[in-house]
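*Asks:*
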């Protein structure tokens, strides 16, 4: 890096240069320029979005033309203290990130290094010579989100709230708290705002507020794992919980019973649905806030992470005009994500789609969604019975909880409807048998069930610090049981831990799947109520692979670790 000379970016006509080097055609440039005029976006971004050039191609070309390096931030080991040399507002505004601080100059990565205005502003703010590198905008924004955390700000605001309560005599004035509902400068409001902003920034799925004997713990769930965000004085817990209850129109004086509610917040021009659950515990009330981003939450089927051959089979299955399709797994295994991805694909004007859920997690335009309410006896079974009179083509049942719900769903599948639902079972093979255990007649299951997808989520190895390692004997024995003689040829990786993954060795999650499609052999086994015959027939299906085998394949590809494989596919026999 030291050989990079200090430079001021030069303005270049990227479109003309791309044509001169025969990277794009004149026709493609004209189309992109017309789109740019309508949208106001940068030309490079428009070219990439139209598919005329890949982002990597564009950035490599820019780095060559500008004589500056192209740095892959996924593999660059930055120092957070160096990144913070550029204030967050400037880093986001100019899409710039400080990467290396030498005595002579500062190396800055930019998504658009031809931006002369950005160079002038950064030079004015930093007051030192700058060197530049080209970086990918999406990776730059992820790095900014990771580094500019609000941990210190949250701790400071918690301290400020504690001081305010101490000055008031230590108690929570509920009348005063209600008056702060419309204010944004009260310490409790600012603390919650910072917590939400930080959680959204790092893509946390939940915020946990937990009072203990001497302290208040605030934890975020990231990639399925809880991480402590801050520890504060327990005396601020009641003020914080009361403010959360006000947001969701819950009873702030009721502290002896659990309460559930919902609210909507705006963070960085995004509307985030927040599901709120309170629970009385030994030292106060525990609160869990589930964050649901309706814009980023609903993935397409391609984004769920199924292998290509499995995706094709599952897609064919959900396009059947009738029958039941089940997605199974424990809580937090991504079942809802998969079902919503299927609904997103099926959501066409010619189909009437009805859902019955508890709760409705994501709101989908064009789909009629019903929220269960046990207090007024609005149950799954009751809604399902009425749903069939609404002339639906496709029905989604949030969960098969009892015999009545399962029977109504299966009858609907028999009478010309496509029914999608979930069930809490360990694998695909045990699912059909679980329905019969619930009291459903085997002939109904055999006649209506079309296919079962069982899934889990495992943590993905951080790309930036992945390294090969030798498996311990116990894990190698598991691999040998699945792969046989080929086990010794397989290579495995783990994450060493770096600034990209906060030292965990993991970044993000990936799905593992077990797929079973009903055929004559399985139907015969169901009619005979023969568990052994059903399992044998399932394992003989072409292309069938267990959750464990699916997970080991991912581990052998260097995408997850064997620790995650064992954790996700643990069985009582082991």
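In full-length UniProt numbering, the protein residues as written are 1 to 574.
Backbone N, C-alpha and C fix where the C-beta goes; we use that ideal spot for every residue, glycine too.
What you are looking at is a predicted structure, and each value in this text was computed from that prediction instead of being measured.
#1: State buried or exposed for residue 60, treating a residue as buried only when at least 16 other CB atoms are found within 10 Å of its CB.
#2: Name the residue from 105, 305, 301, 328 whose alpha carbon lies nearest to the alpha carbon of residue 316.
#3: Hey, could you find the ends of the beta strand (DSSP E) residue 231 is sitting in?
#4: Comparing alpha-carbon positions, which option in 354, 426, 425 lies nearest residue 409?
#5: So the alpha helix (DSSP H) residue 340 belongs to, where does it begin and stop?
#6: Please report how far the alpha carbon of residue 83 lies from the alpha carbon of residue 97, in whole angstroms.
#7: Under the three-state reduction of DSSP, which class applies to residue 539: helix, strand or coil?
#8: Please classify residue 119 as buried or exposed, where buried requires at least 16 other C-beta atoms within 10 Å of its C-beta.
#9: Go ahead and pull the three-state DSSP assignment for residue 184.
#10: Take residue 95 and list the residues in its own chain whose beta-carbon comes closer than 7 Å to its own, dropping the five residues that flank it on each side.
#11: According to DSSP, is residue 443 helix, strand or coil?
#12: Take residue 146 as the anchor and find which of 424, 88, 451 has the nearest alpha-carbon.
#13: Any idea what DSSP makes of residue 309, helix, strand or coil?
#14: May I ask you to report which of helix, strand or coil DSSP gives residue 285?
#15: Name the two residues that bound the continuous alpha helix (DSSP H) containing residue 30.
#16: Using a Cβ-Cβ cutoff of less than 8 Å, which residues in the same chain neighbour residue 372 once the five nearest sequence positions on both sides are dropped?
#17: For the alpha helix (DSSP H) containing residue 119, list its first residue and its last residue.
#18: Please classify residue 308 as buried or exposed, where buried requires at least 16 neighbouring CB atoms within 10 angstroms.
#19: What does DSSP give as the partner residues of residue 373 in its beta bridges?
#20: How long is the line joining the alpha carbons of residue 328 and residue 154, rounded to whole angstroms?
#21: Out of curiosity, what's the CA-to-CA distance linking residue 484 and residue 412?
#22: Taking 9 Å as the cut-off, decide whether the C-beta atoms of residue 17 and residue 32 are in contact.
#23: Could you check which residue in 471, 489, 465 has the C-alpha nearest to that of residue 497?
#24: Answer with buried or exposed for residue 198, where buried requires no fewer than 16 other C-beta atoms within 10 angstroms of its C-beta.
#25: Using 8 Å for Cβ pairs, my map puts residue 306 next to residue 511. What's the rounded Cβ distance?
#26: Would you decide whether residue 376 is buried or exposed? Buried here means 16 or more other CB atoms lie within 10 Å of its CB.
#27: Which of helix, strand or coil does DSSP assign to residue 110?
#28: Going by the beta-carbon positions, is the gap between residue 54 and residue 46 smaller than 9 Å?
#29: Three-state secondary structure (DSSP) at residue 97?
#30: One question on the structure: do residue 304 and residue 289 come within less than 9 Å of each other, judged by their Cβ atoms?
#31: Count the other C-beta atoms from every protein chain shown that fall within 10 angstroms of the C-beta of residue 528, then say buried if there are 16 or more, exposed otherwise.
#32: If contacts are defined as beta-carbon pairs under 8 Å, then residue 457 and residue 509 qualify, I think. What distance do you get, rounded to the angstrom?
#33: Tell me, which residues are paired with residue 215 by DSSP?
#34: Go through its chain and collect everything with a Cβ distance to residue 57's Cβ below 6 Å, but skip five positions before and after it.
#35: With a CB to CB cut of under 6 Å and the five nearest residues on each side skipped, what residues in its chain are close to residue 516?
#36: At what residue ranges does the region 496-539 contain a whole run of the alpha helix (DSSP H), taking only runs of 4 or more?
*Replies:* So, to answer that:
#1: Its Cβ having fewer than 16 others within 10 Å, residue 60 is exposed.
#2: The option with the nearest alpha carbon to residue 316 is 301.
#3: Run containing residue 231: 225-233, per the beta strand (DSSP E) assignment.
#4: Relative to residue 409, the option among 354, 426, 425 whose CA is nearest is 354.
#5: From DSSP, the alpha helix (DSSP H) with residue 340 extends over 335-346.
#6: Between residue 83 and residue 97, the C-alpha separation is close to 6 Å.
#7: DSSP places residue 539 in helix when its eight states are reduced to three.
#8: So residue 119 counts as buried.
#9: Because the pLDDT at residue 184 is just 46, under 50, the model does not fix this residue reliably, and the point stays unresolved.
#10: Contacts found: 110, 111, 112, 137, 140.
#11: In the structure shown, residue 443 sits in a helix (DSSP, three-state: H, G or I).
#12: Cα-wise, what sits closest to residue 146 is 88.
#13: The answer is helix: DSSP assigns residue 309 an H, G or I state.
#14: The answer is strand: DSSP assigns residue 285 an E or B state.
#15: Its alpha helix (DSSP H) spans residues 26-39.
#16: These residues qualify, in order along the chain: 356, 357, 358, 359, 378, 379, 380, 383, 398.
#17: Start and end: 116-126.
#18: Residue 308 should be labelled exposed.
#19: Residue pairing by DSSP places residue 373 opposite 378 in a beta bridge.
#20: Near 38 Å, if we compare the C-alpha coordinates of residue 154 and residue 328.
#21: If you take the alpha carbons of residue 484 and residue 412, they lie about 44 Å apart.
#22: The Cβ-Cβ distance between residue 17 and residue 32 does not fall below 9 Å.
#23: Closest by alpha carbon: 465.
#24: With 16 or more other Cβ atoms within 10 Å, it is buried.
#25: Indeed they touch by this definition, with Cβ atoms about 7 Å apart.
#26: Per the 10 Å Cβ criterion, exposed.
#27: DSSP places residue 110 in strand when its eight states are reduced to three.
#28: Taking a C-beta distance under 9 Å as the contact criterion, residue 54 and residue 46 do not qualify as a contact pair.
#29: The DSSP-derived three-state label of residue 97 is strand.
#30: Taking C-beta atoms as the reference points, residue 304 and residue 289 fail to come closer than 9 Å.
#31: By the 10 Å Cβ count, residue 528 comes out exposed.
#32: At roughly 5 Å, the Cβ-Cβ gap stays under 8 Å, so residue 457 and residue 509 are in contact.
#33: The secondary-structure analysis by DSSP pairs residue 215 across a beta bridge with 233.
#34: The answer is none, since no qualifying residue turns up.
#35: Here the set comprises 428, 452, 538.
#36: If we require 4 residues or more, the alpha helix (DSSP H) runs fully inside the region 496-539 come out as 520-527, 531-539.
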